[in-house]
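The structure appears below as structure tokens.
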Amino acid sequence: MRDLLLVLPLLIPLSTAVIGLLFWSRPHLQRALATVGAGLLLASGLGLLVSVRHGGIHTVQVGAWPAPFGITLAADLFSAIMVVLTGLIGLAAVLYSLGSMDAHRERFGYYPLVHILLLGVCGAFLTGDIFNLYVWFEVMLISSFVLMALGGERAQLEGAIKYVTLNLMSSALFLAAVGVLYGIAGTLNMADLSKTLRATPRPDLVLAPAMLLLVAFGIKAAIFPLFFWLPASYHTPPVAVSALFAGLLTKVGVYAMIRVFTLLFDHHAHSAHLIILVASGLTMVTGVLGAVAQNELRRILSFHIISQIGYMIMGLGLFTPISLAGSIFYIAHHIIVKTNLFLISGLVFQLQGSYQLKRLGGLYRKHPGLAALFLTPALSLAGMPPLSGFWAKLILVKAGLELQQYLIVAVSLMVSLLTLFSMLKIWNEAFWKAAPAEHSASLSRGTQLALFLPVLGLAAITLWIGLMPEPLFSLSEQAAQQLVDPTEYIRRTLGE
Amino acid sequence: MISLILSTATRYLLPLLLLFSVFVLLRGHNEPGGGFVGGLVASAALALYSIAYGVAAARRMLRIDPRALIGVGLLIAIGSGLLSMARGLPFLTGLWVERELPLLGKVGTPLLFDVGVFLVVIGVVLTIIFALSEE
Amino acid sequence: MDMVLAIVVGGLYAAGLYMMMRRSIVKLIIGLGLLSHASNLLIFTLGRLMRGRPPLIAPGAEALAEPYADPLPQALILTAIVIGFGVQAFAVVLIKRVYQIVGTDDLDQMKSTDEL
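Residue numbers (the numbering used here), protein chains in the order written: chain X, 306 to 801; chain H, 12 to 146; chain U, 60 to 175.
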């Protein structure tokens with residue numbers, strides 16, 4: 306039963322995609338399938354989370370090959386939380402697609418591709434083997450490449466070239482790092498690597514793969530100075546795709562970074578943690594400054610992803626149980642909020658026909674409900690109480706103060722202020738000022754339901770986390786505890 | 012443009028290559044070969060046919076959409092993994108038929124998985140080749 | 060032999076990066092291909108080179124006789140090559156589409172998504 310729970314988050318999206326492939330030319334069936342599949346994925350993720358919380362870390366030795374020789378799937382609390390979030394964002398994006406995706410893209414396998422992407426993401430969260438992690442990364446990347454370019458508009462293709470190039474480079478570096486690790490330790494199972502690296506006679510060599518992985522995952526997570534592909538590409542595909550990417554893809558990079566720097570390199574790479582901390586500060590600042598300079602709704606949001614990544618890896622750079630808990634809390638909060646903001650930018654486009662702040666306006670008067678829906682995630686992103694972002698930042702700031710890292714704390718608070726400024730800029734331009742031109746779009750009831758339901762649901766979750774942060778916080782704290790002290794993870798994975 | 016030499020040669024080569032691809036697939040468990048290589052041989056055969064007679068003719072001969080082949084192949088591969096879970100063993104554990112079969116030798120779920128890989132490779136390669144040459 | 064391969068790996072990385080920094084998208088794809096070859100060869104070299112010692116148990120013996128060539132790096136490389144094959148195929152289709160839509164292979168002219 307526990308085996309099944311661990312395998313289901315992989316089997317559900319895979320089966321959904323496969324059945325979708327068989328019914329290639331039946332869009333109605335594909336829509337229904339994709340929705341059911343995403344719902345089941347969320348349910349299986351929740352099941353896994355509950356089971357891991359009560360029963361400890363789950364592992365499956367695939368094909369009954371004993372670790373460290375075979376491939377191990379392992380789910381600790383951190384993985385389980387990430388799988389739940391994947392299911393949630395997958396469901397939100399698919400629901401939103403039902404109301405917004407054009408027939409052309411649907412005919413070219415949009416829904417199966419989304420599910421292959423979800424498969425890759427879940428696989429990356431659940432694997433306990435570093436080469437297998439590479440394979441899941443590639444599954445995720447290839448499907449994201451196709452989703453990025455699907456439709457073939459000029460901007461999309463130009464964005465896709467940059468996205469594909471930099472991500473493939475990161476894959477090549479990742480692969481090289483795997484090779485070096487295998488050369489040093491002779492194993493690929495992450496738990497076994499952790500043990501072997503701790504006892505290695507040449508600890509100086511370990512820094513090489515650590516740095517290679519830092520750069521490889523840094524590109525995927527879009528940290529400073531490796532983020533240039535993100536603002537060049539994330540605003541080009543349809544909104545549902547942007548939202549899915551914005552919520553999940555960079556966070557897989559952050560997840561991988563947290564995983565390897567807590568499990569593999571916790572003993573050797575103190576300099577790496579310092580580098581991560583410095584990079585986190587610079588990432589926050591450059592991201593938010595980039596956002597302030599932009600005038601296109603989705604580009605502003607894309608730059609904010611970068612600045613928020615800075616907060617997530619700040620927790621890793623500080624490297625205490627409480628700061629890691631802060632990182633995990635921040636990831637959970639950010640995935641929900643950022644996806645929601647992208648979906649709302651799509652709603653704004655549906656209603657006013659533009660993403661340019663200049664051409665928007667008057668939304669508060671005409672759609673007060675949407676305005677309220679925008680303010681919830683926007684203020685949460687800036688860290689206003691009582692929303693989820695406030696608690697996420699509070700934990701990180703507290704962790705920074707405990708370590709007396711005043712500089713990074715000051716930077717993070719400054720960046721919060723600039724984020725608030727940037728969100729208010731969107732509010733003023735798109736919602737508050739008078740509409741520059743009359744643009745009336747009417748949506749059918751069914752479309753409205755599909756578009757507003759995910760936005761409403763995600764906003765409700767943001768509010769709920771904000772008002773009751775305790776459950777998520779204690780969950781993050783336990784997850785961080787498992788990360789800081791990986792003995793249990795190693796024991797379960799190696800089946801000792 | 013249809014070349015007489017190529018199209019005549021293809022008529023004889025196609026069945027031979029397809030037969031060879033199945034041979035490579037079945038041989039794969041203990042000797043060099045397997046689903047991936049077999050699939051490549053089979054898709055090379057079909058690609059040859061599409062060069063000789065055109066993509067439309069190749070699609071007609073294949074009858075089934077190559078994308079559906081990917082689906083069927085993946086489904087078989089998933090199924091081969093699930094069989095072991097039904098027996099209470101971890102996902103993808105190999106199960107074997109007790110008796111050796113004539114011609115095939117020892118048969119088990121790994122062979123089923125390989126058949127899945129075989130179909131997926133044909134589907135993927137042909138999807139790419141058809142898409143590239145149809146423009 | 061290790062030294063020769065190390066130099067080859069370095070040369071491949073250098074050539075790949077050089078190609079990627081050219082302005083033509085075709086050269087970009089070639090560069091990416093070289094980069095992945097370099098990584099594959101790096102894994103191969105780091106997996107310890109061994110000549111004429113296949114990892115096969117001799118007839119009558121119970122276990123492998125040391126030293127033997129490690130088969131795992133080759134399995135990794137095989138997987139990486141297959142993945143690389145898929146990615147490269149996609150990249151070729153992509154640059155073809157880009158060339159058709161944008162009408163140029165010059166990367167410097169593909170900056171509309173970066174303008175304010």
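Beta carbons are placed, not taken as given, at the ideal position from N, Cα and C, and that holds for glycine.
Predicted model, so just to flag it, every value in this text is computed and none were measured.
For chain U, is any of its Cβ atoms less than 8 Å away from the one on X:Ala802? No answer is possible for residue 802 of chain X: it lies beyond the span of chain X, which begins at 306 and ends at 801.
In whole angstroms, what is the alpha-carbon distance linking X:Ser576 and X:Val485? 19 Å
Members of the stretch 63-89 of chain H near chain X, C-beta cut-off 8 Å: Result list: Asp76, Arg78, Ala79, Ile81, Gly82, Val83, Leu85, Leu86, Ile89.
Could you please give me the residues that DSSP links to X:Ala379 through a beta bridge? X:Thr364
H:Leu15 classed as buried or exposed, judged by whether at least 16 other C-beta atoms fall within 10 angstroms: exposed
Mind listing the chain X neighbours of U:Pro132? Cutoff is C-beta to C-beta under 8 Å, in chain order. Gly484, Tyr487
I'd like to check one pair, X:His420 with X:Gly456: are the Cβ atoms closer than 8 Å? no
In angstroms, rounded to a whole number, what distance separates the CA positions of X:Ile731 and X:Leu662? 7 Å
Please name the residue, chosen from X:Asp381, X:Ser448, X:Glu458, X:Leu756, that lies closest to U:Ile160 on a Cα-to-Cα basis. With distances taken between CA atoms, U:Ile160 lies nearest to X:Glu458 out of X:Asp381, X:Ser448, X:Glu458, X:Leu756.
Distance cutoff 8 Å, beta carbons only. Does H:Gly105 sit that close to anything in chain X? yes
Looking only at its own chain, which residues have a Cβ that is under 7 Å from the Cβ of U:Arg112, when we skip the five neighbours before and after it? Pro126, Tyr127, Ala128
Reduced DSSP secondary structure (H/G/I, E/B, other) of X:Asn600: Residue state, collapsed to three classes: coil.
Can you pull the chain U residues whose beta carbon is under 9 Å from the beta carbon of H:Leu25, in chain order? Per Cβ cutoff of 9 Å: no residues; H:Leu25 is ~23 Å from chain U at best.
In the DSSP assignment, what residue or residues form a beta bridge with U:Ser83? U:Asp165
DSSP three-state assignment for X:Asn494, whether helix, strand or coil: strand
Going by other Cβ atoms of all chains shown within 10 Å of its Cβ, with 16 needed for buried, is X:His363 buried or exposed? Residue environment analysis places X:His363 among the buried positions, since at least 16 neighbouring C-beta atoms fall within 10 angstroms of its C-beta.
Taking 8 Å as the threshold (C-beta atoms), are H:Ile75 and H:Leu3 in contact? Residue 3 of chain H lies beyond the stretch modelled for chain H, which goes from 12 to 146, so this question has no answer here.
Only counting the same chain, and skipping five residues up and downstream in sequence, which positions put a Cβ closer than 6 Å to that of H:Arg38? Gly44
Of the residues X:Lys525, X:Gly491, X:Ala551, X:Ser717, the one placed nearest X:Asn472, counting alpha carbons only: X:Lys525
What residues from chain U crowd round H:Ile139, counting only those whose CB sits closer than 8 Å? Ala148, Val152
Does any residue of chain U bring its CB to less than 8 Å from the CB of X:Gly425? no
Between X:Ile386 and X:Gly350, what straight-line distance do the alpha-carbon atoms span, to the nearest angstrom? 8 Å
So what does DSSP say about X:Thr432, is it helix, strand or coil? strand
X:Ile618: which of X:Ile636, X:Asn733, X:His609, X:Ala677 sits nearest, CA to CA? X:Ile636
Excluding sequence positions up to five away, which residues of its chain have a Cβ less than 8 Å from the Cβ of H:Gly92? Phe102, Leu103, Thr120, Phe124
What do you reckon, are the CB atoms on X:Ser384 and X:Arg307 nearer than 8 Å? no
Between the stretch 617-631 of chain X and the stretch 777-790 of chain X, can you find at least three pairs of beta-carbon atoms closer than 8 Å? The answer is yes - the stretch 617-631 of chain X touches the stretch 777-790 of chain X, with three or more Cβ pairs under 8 Å.
Mind checking X:Trp534: buried by the 16 CB within 10 Å criterion, or exposed? Result: buried.
For a contact meaning CB atoms closer than 8 Å, what does H:Leu100 contact in chain X? Listed along chain X are Ala369, each with a C-beta nearer than 8 Å to that of H:Leu100.
Counting only Cβ-Cβ distances shorter than 9 Å, please list the residues of the stretch 773-786 of chain X near chain U, keeping chain order. Result list empty, no residue passes.
Could you tell me whether the Cβ of U:Arg156 comes closer than 8 Å to any Cβ of chain X? yes
With distances taken Cα to Cα, identify the nearest neighbour of X:Leu354 among X:Ala379, X:Leu706, X:Gln753. X:Ala379
Would you mind stating whether U:Gly90 and U:Gln147 have Cβ atoms separated by less than 8 Å? no
Closer than 7 Å by beta-carbon distance: list the chain U residues that pair up with X:Val469, in chain order. Below the 7 Å Cβ cutoff, chain U contributes Ala150, Leu153 as neighbours of X:Val469, in chain order.
Any idea what DSSP makes of H:Leu112, helix, strand or coil? strand
From X:Gly688, X:Leu393, X:Ile611, residue whose alpha carbon lies closest to that of X:Leu761: X:Leu393
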